[in-house]
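Reading through the structure tokens given below for one structure.
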Amino acid sequence: GMESKRDSQTLTLIGLRISVKLCGKFMAKLKPSGYLLNIKRVKPIVDDPKGAVTDEEKDIKASHRSKRANAKTKLVLLAPKVSSEDLQELPADLRKFCLSDSLEIVKYKLVLDPFKHKSLIEILRDVLPKDVPASSSFETIGHVVHINLLDSQQPYRKKIGEIVLKKLKANHIRSVVVKTDKITDKFRVFPMEVVAGDKNLVTEVKEHGCTFKLDYGKVYWNSRLQTEHWRIVKTLQKEDIICDMFCGIGPFAVPAGKRGCKVYANDLNPESYRWLEENVQLNKVDKQVSCFNLDAREFVRNLTKDLIDSKKQLFTVVTMNLPATAIEFLDVFRDLYPPNTSEASMPVIHCYCFSKGESFDEMSRKAMNRIEKVLDFKISNPSIHNVRNVSPKKDMLCISFKLPYRLAVQTSNDVSVPVGSKRPLESLNDSSTQNSEAKRHKSED
């Protein structure tokens, strides 16, 4: 079965007991010759299990004796092709050297633990059926490892989990999880199954000098977005005011707060909100970051109204990191501001999305079409950044643009229109196509 004999392997080797002082000399002579043991991740010179114990040392307490004996001698292990104790397989001059400079020639049993001397892929290849690929891609989140399984590997997920756990235990890994399904709940949290180790997935990760605590089974975290978080954060000035509409547990909000920005951070998922509050405290940015647990549109409307009513400065940067649906939420910016708002207070928007296509140009064009449809407005010179490849012909993009004044600020004859409500579509005469288009995009992603 899958537990087969491959679990460990014993080799009987010839060992040369030598004085510890001669290790360098033996390595220099034997290594180039090809007669020295050469197995990946196994040292050819090992501590001497017995040591040369002299009579007067026999009385010394055993523990002392073994320490002293081991310290004085080592064993040099020869390649498996050398099997006779008189070393007749060696070339004459090498044999002469070994016989004269060794204290003794012994048989040595080497137990090969596959977890030490094989790579993860090699171990999986040994254990999985031939037709199941032994590939493994995973990410580490604190003490949790998340493996991306192929469909054909699903039936063996427990076995794979045990192997990964055993192999990575030294790196403080305690839990191995797999996704059980696509992100299905509205908070984009994968249902996770713990296939090996500790069921507790509350863990800590570090990113750009911030510490994030989270329950990986209940909130969204993707360590592959680290570079992207930083790309945006490093553009922020401390005068910036951030409106983070889908903030998760705070990978934008917390470092932005550390840079001295005022941050209004919102997430609809009550679990994310709970960890956001905890991370804001943990990183001592509670003076900078205010946390909200609202629907994103409601959050933007309320925030804008409150800032205007209390004569506070309006937000200068908006982050919309919910790639599956963020574009649909852009409609909140149409007529968001009252007529007397200055053009200078229009924010820069970073809107994330998934887009499919044969090329970056095609993906960008499709994404822009969707954005302009929702805004009913042409965006001039957006900046489009390819964040990462999600699957063949599908990428995650970040579209950054200055919110157009004419679209976002009510015209004075619209005074009766409340903040944030939509005006009728102007340029798109056929509004019925818009709904079917939106539905289609939903299914595409």
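Oh and the sequence shown: position 253 is 253 in my numbering, straight run, nothing missing.
Just so you know, even glycine gets a beta-carbon here, dropped at the ideal spot from N, CA and C.
| Query | Result |
| --- | --- |
| Euclidean distance between Cα positions of residue 107 and residue 86 | 11 Å |
| Beta-ladder partner(s) of residue 384, from DSSP | 399 |
| Distance between residue 43 and residue 82 (C-alpha atoms, nearest Å) | 17 Å |
| From 75, 124, 117 and 246, residue whose alpha carbon lies closest to that of residue 103 | 75 |
| CB contact below 8 Å: residue 144 versus chain C | Protein chains in the displayed structure number just one, and chain C is not present. |
| Alpha-carbon to alpha-carbon, residue 112 and residue 26 | 23 Å |
| Rounded distance between the beta-carbons of residue 374 and residue 331, thought under 8 Å | 5 Å |
| Coil, strand or helix - residue 17 by DSSP | strand |
| Runs of beta strand (DSSP E) lying entirely within the segment 90-126, each at least 3 residues, in chain order | 104-112 |
| Secondary structure, beta strand (DSSP E): runs of 3+ residues fully inside the segment 188-232 | 192-197, 202-207 and 210-215 |
| DSSP beta-bridge partners of residue 291 | 265 |
| Host beta strand (DSSP E) of residue 379 (start-end) | That residue, residue 379, is in no beta strand (DSSP E); it is neither H nor E in DSSP. |
| Same chain only: Cβ atoms within 8 Å of residue 153, ignoring 5 sequence neighbours per side | 128, 132, 133 and 160 |
| The segment 217-230 in contact with the segment 284-304 per 3-pair CB rule at 8 Å | no |
| DSSP beta-bridge partners of residue 353 | 397 |
| Pairwise C-alpha distance: residue 203 and residue 141 | 7 Å |
| Member of 198, 405 and 321 whose CA lies at the smallest distance from the CA of residue 340 | 405 |
| Residue from 120, 328, 243 and 194 whose Cα sits closest to the Cα of residue 371 | 328 |
| Which listed residue (246, 31, 35 and 28) has its alpha carbon closest to that of residue 13 | 35 |
| Residues near residue 56 by beta carbon distance below 7 Å, same chain, minus five either side | Here the model assigns residue 56 a pLDDT of 45, short of 50, so the residue's position is not dependable, and the following value carries that caveat. Excluding sequence neighbours, residue 56 sits near nothing in its chain. |
| Residues near residue 54 by beta carbon distance below 7 Å, same chain, minus five either side | Residue placement at residue 54 is flagged as unreliable, the pLDDT there being 48, under the threshold of 50; a coordinate-derived value is accordingly withheld. |
| For residue 304, the first and last residue of its enclosing alpha helix (DSSP H) | 296-309 |
| Span separating the alpha-carbon of residue 58 from that of residue 50 | Any reading at residue 58 must be qualified, since the residue scores a pLDDT of 46, below 50, and its modelled position is unreliable; no value is offered. |
| Residues of its chain near residue 259, where Cβ-Cβ distance is below 7 Å and the 5 sequence neighbours each way are ignored | 233, 236 and 238 |
| Cβ distance (whole Å) where residue 18 is taken to contact residue 101 below 8 Å | 7 Å |
| Three or more C-beta pairs below 8 Å linking the segment 335-349 and the segment 262-275 | no |
| Alpha-carbon to alpha-carbon, residue 401 and residue 282 | 33 Å |
| Whole-angstrom C-beta distance between residue 73 and residue 20, which should lie under 8 Å | 6 Å |
| Residue 403 versus 355, 359, 335 and 137, residue with shortest Cα-Cα distance | 335 |
| Reference residue 316, options 305, 11, 367 and 244, closest by Cα | 244 |
| Residue 147 beta carbon less than 8 Å from that of residue 176 | yes |
| Boundaries (first-last residue) of the alpha helix (DSSP H) holding residue 26 | 23-30 |
| Exposure of residue 358, with buried meaning 16 or more beta-carbon neighbours within 10 Å | exposed |
| Buried/exposed call for residue 269, threshold 16 Cβ in 10 Å | buried |
| Residue 160 - containing beta strand (DSSP E), residue span | Element bounds for residue 160: not the beta strand (DSSP E) but the alpha helix (DSSP H), 157-168. |
| Inter-residue Cα distance where the pair is residue 264 and residue 117 | 51 Å |
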